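By the working numbering, the letter at position 31 of the sequence shown is numbered 50, and the numbering carries on one by one without gaps.
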Amino acid sequence: MGATDAATAPVAVTTAKPTDPADSTAATAGSVALEAVVSTPIEPASEPGEEDEFDVNEGWETRSDGSASAISTIYAHTYEHGRRYQCFKNGRYPIPNDDNEQDREDMKHAMMLELMDGELFHAPIGDSPQNILDIGTGTGIWAIDAGDRYPSAHVRGIDLSPIQPTWVPPNVDFLIDDCEKDWLATDCDFVHFRFMVIILKDVQTVLQHAYESLRPEGWIELQELNAQPMCDDNTMRDDDPVKHMYDLAGQAFGKFGMNVTLPKHLEPMLLEAGFQNIRCIVKKVPIGVWAKNKTLRLIGLYQKIAVLDLMPALAGRPFEALGLSQAESQVTLAFARKALEDSKVHRYFNYYFWIAQKPSG
Numbered sequence: 020m021g022a023t024d025a026a027t028a029p030v031a032v033t034t035a036k037p038t039d040p041a042d043s044t045a046a047t048a049g050s051v052a053l054e055a056v057v058s059t060p061i062e063p064a065s066e067p068g069e070e071d072e073f074d075v076n077e078g079w080e081t082r083s084d085g086s087a088s089a090i091s092t093i094y095a096h097t098y099e100h101g102r103r104y105q106c107f108k109n110g111r112y113p114i115p116n117d118d119n120e121q122d123r124e125d126m127k128h129a130m131m132l133e134l135m136d137g138e139l140f141h142a143p144i145g146d147s148p149q150n151i152l153d154i155g156t157g158t159g160i161w162a163i164d165a166g167d168r169y170p171s172a173h174v175r176g177i178d179l180s181p182i183q184p185t186w187v188p189p190n191v192d193f194l195i196d197d198c199e200k201d202w203l204a205t206d207c208d209f210v211h212f213r214f215m216v217i218i219l220k221d222v223q224t225v226l227q228h229a230y231e232s233l234r235p236e237g238w239i240e241l242q243e244l245n246a247q248p249m250c251d252d253n254t255m256r257d258d259d260p261v262k263h264m265y266d267l268a269g270q271a272f273g274k275f276g277m278n279v280t281l282p283k284h285l286e287p288m289l290l291e292a293g294f295q296n297i298r299c300i301v302k303k304v305p306i307g308v309w310a311k312n313k314t315l316r317l318i319g320l321y322q323k324i325a326v327l328d329l330m331p332a333l334a335g336r337p338f339e340a341l342g343l344s345q346a347e348s349q350v351t352l353a354f355a356r357k358a359l360e361d362s363k364v365h366r367y368f369n370y371y372f373w374i375a376q377k378p379s380g
C-alpha cells in the first residue's frame, strides 16, 4: 500500500486471511485465530474547518400459530411520547420502530458500506451461497442488497417488527419472529448479524441457534458497535457529556437485560457455541467530521447524525427505566448535543467484526 492508499484507508486494521479449514496447518475445532487490533489513532484534520471539498449532501411471514389475535399483535403498535413501538414482544426492545428510526437504520447501512469499502461482510462465503439468514433485519436493507448481489441465493431476514418493504427481489423474504426462540432455519451458508448483540438478552442461546442453522463449514459474522465513546489523544474529558449520555444508556439497557459493551467479549461465546476459525476485526469510527481522511469524515458525519437521531429515543423507555424525569433527560441530551458540535474533541467508537465457521465434521 502506497502513501496515497494509506491516507485514504477508512480504518487501520490488519487484513490477515482466515485459516483455511482444508490446510493441514488449519486450526482445530477449538482453536482461535484472532486478528491483531491495530491501535493507530485516527489522524485529525489540522484545522477544525478543513474540508477538502467535503460535501455533506454528497414481503412478510410469521411463525405464529396463525390465529387472528396473534397476527393482530404482530402488526400492531403502541405509542409513547410521540414515538411508535411494536406490540409483538412489547417491552422486549426499548427503541422505537417508527419512520424516524427506520431512516436512522438505513443511514447506518450507508455508513457501513463506506466503512467496509462497499462490501456487505468479511466472511469468505464464496461466490454462490444458497441460503443466507439476516438476524435483526430491521428495514431489510441489508437482506435486499444481499439478494441483489447473490441472485441464486435465498435470503431471509428475521425481525420483531414488520417494517420491511413488500417490493423486494424474488429471492428475498422476511419472517416476523423472535430470534431468541427456536429457529426453523437449517442448512444455511451464512448467518449475518448487525447491531444485534447489545440488544439481545440471551446472546449465547442465539449463537447456538445460529450454529445449528448452519451447514457444516458455514459462516457467521457479527458486525457490532461497542457503545462506549473512546479517545486516543485526551481531548475527551472524563466528564464529557457524550460519554456521560452513553454511560447512562449502558445502565438503562442493563435494566432490560442487555449489555452494550458485549461486542468486545464474544470470543468465548463463539467457542462455547462450537465455532472455529474465529477472527475479530476492530475498526475505529469517528463521531463527527474531525478526521483528516475524507472517507472517515463522511463516516464520522453518518455516525454523528446516528447519535443525534438516537437521543430522542433514549429519553423514552431507556432513561425512564433509570427513573429520570423528562426534564432531567432533556438536560442530559442538550449537553451531549452541544458537545457533539466541538470538533476539537476526537471521540470515536470501536466496531467489532466477528467472523467464525462451523466445523466440517
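For glycine and all other residues, C-beta sits at the position ideal for the given N, C-alpha and C. Since the structure is predicted, the reported quantities are computational estimates derived from the model, not experimental observations.
Cutting at 6 Å between CB atoms, please list the residues of its own chain near residue i, excluding the five before and the five after it.
{"i": "S88", "result": "Bear in mind that a pLDDT of 41 at S88, under 50, signals an unreliable position, so the model cannot answer this."}
{"i": "K262", "result": "P248"}
{"i": "W373", "result": "L241, L285, C299"}
{"i": "V279", "result": "I217, A246, G269, F272"}
{"i": "L2", "result": "Nothing about residue 2 can be reported from this structure: the residues present for the chain run from 20 to 380 only."}
By Cβ distance, which residues of its chain are closer than 8 Å to residue i, with the 5 residues on each side in sequence left out?
{"i": "I160", "result": "E124, D125, H128"}
{"i": "D252", "result": "P60, P63, H365"}
Alpha carbon to alpha carbon, how far is residue i from residue j?
{"i": "L203", "j": "L343", "result": "41 Å"}
{"i": "S43", "j": "A142", "result": "In this predicted model, S43 has a pLDDT of only 36, less than 50, meaning its place in the structure is not dependable; the value taken from the coordinates is given anyway. Cα to Cα, S43 sits roughly 21 Å from A142."}
{"i": "K200", "j": "K363", "result": "46 Å"}
{"i": "T156", "j": "D197", "result": "12 Å"}
{"i": "A46", "j": "D361", "result": "Low per-residue confidence applies at A46: pLDDT is 40, beneath 50, and the placement is therefore not dependable, though the value from the model is reported in the following sentence. The alpha-carbon atoms of A46 and D361 are separated by roughly 47 Å."}
{"i": "I300", "j": "V350", "result": "36 Å"}
{"i": "P40", "j": "P378", "result": "Legend: pLDDT at P40 = 38, less than 50; position of this residue unreliable, value from coordinates given subsequently. The alpha-carbon atoms of P40 and P378 are separated by roughly 8 Å."}
{"i": "I239", "j": "D259", "result": "36 Å"}
{"i": "I151", "j": "D208", "result": "6 Å"}
{"i": "K357", "j": "K323", "result": "12 Å"}
{"i": "P148", "j": "V308", "result": "37 Å"}
{"i": "V210", "j": "D178", "result": "14 Å"}
{"i": "L317", "j": "M130", "result": "8 Å"}
{"i": "M330", "j": "E347", "result": "13 Å"}
{"i": "E77", "j": "N312", "result": "Here the model assigns E77 a pLDDT of 42, short of 50, so the residue's position is not dependable, and the following value carries that caveat. Distance between the alpha carbons of E77 and N312 is about 16 Å."}
{"i": "L134", "j": "A162", "result": "18 Å"}
{"i": "T185", "j": "R168", "result": "19 Å"}
{"i": "G335", "j": "L352", "result": "12 Å"}
{"i": "L132", "j": "G166", "result": "16 Å"}
Output yes or no for whether 7 Å exceeds the beta carbon distance between residue i and residue j.
{"i": "S171", "j": "T205", "result": "no"}
{"i": "N296", "j": "Q223", "result": "no"}
{"i": "A229", "j": "L333", "result": "no"}
{"i": "P305", "j": "I61", "result": "yes"}
{"i": "Q227", "j": "A292", "result": "yes"}
{"i": "L359", "j": "A271", "result": "no"}
{"i": "A355", "j": "M277", "result": "no"}
{"i": "G176", "j": "D146", "result": "no"}
{"i": "A325", "j": "G319", "result": "no"}
Considering only DSSP beta bridges, list what residue i is partnered with.
{"i": "A375", "result": "I239"}
{"i": "G176", "result": "D153, F193"}
{"i": "M249", "result": "Y367"}
{"i": "L244", "result": "Y370"}
{"i": "L389", "result": "Outside the displayed span of the chain (20 to 380) sits residue 389, for which this structure offers no information."}
{"i": "C198", "result": "Looking at the DSSP assignment, C198 forms no beta bridge with any residue, so it has no partner."}
{"i": "F212", "result": "I154, L241"}
By Cβ distance below 7 Å, which residues in the same chain neighbour residue i in space, the five residues on each side in sequence not counted?
{"i": "T158", "result": "Q121, E124, D125, I182, Q183"}
{"i": "D164", "result": "L139"}
{"i": "K220", "result": "E199, G276, M277"}
Counting beta carbon pairs with one atom in the segment 210-220 and one in the segment 184-191, are three or more of them shorter than 8 Å?
no
The segment 368-375 touching the segment 239-246, judged by at least three CB pairs closer than 8 Å
Contact annotation: the segment 368-375 touches the segment 239-246, with at least three C-beta pairs closer than 8 Å.
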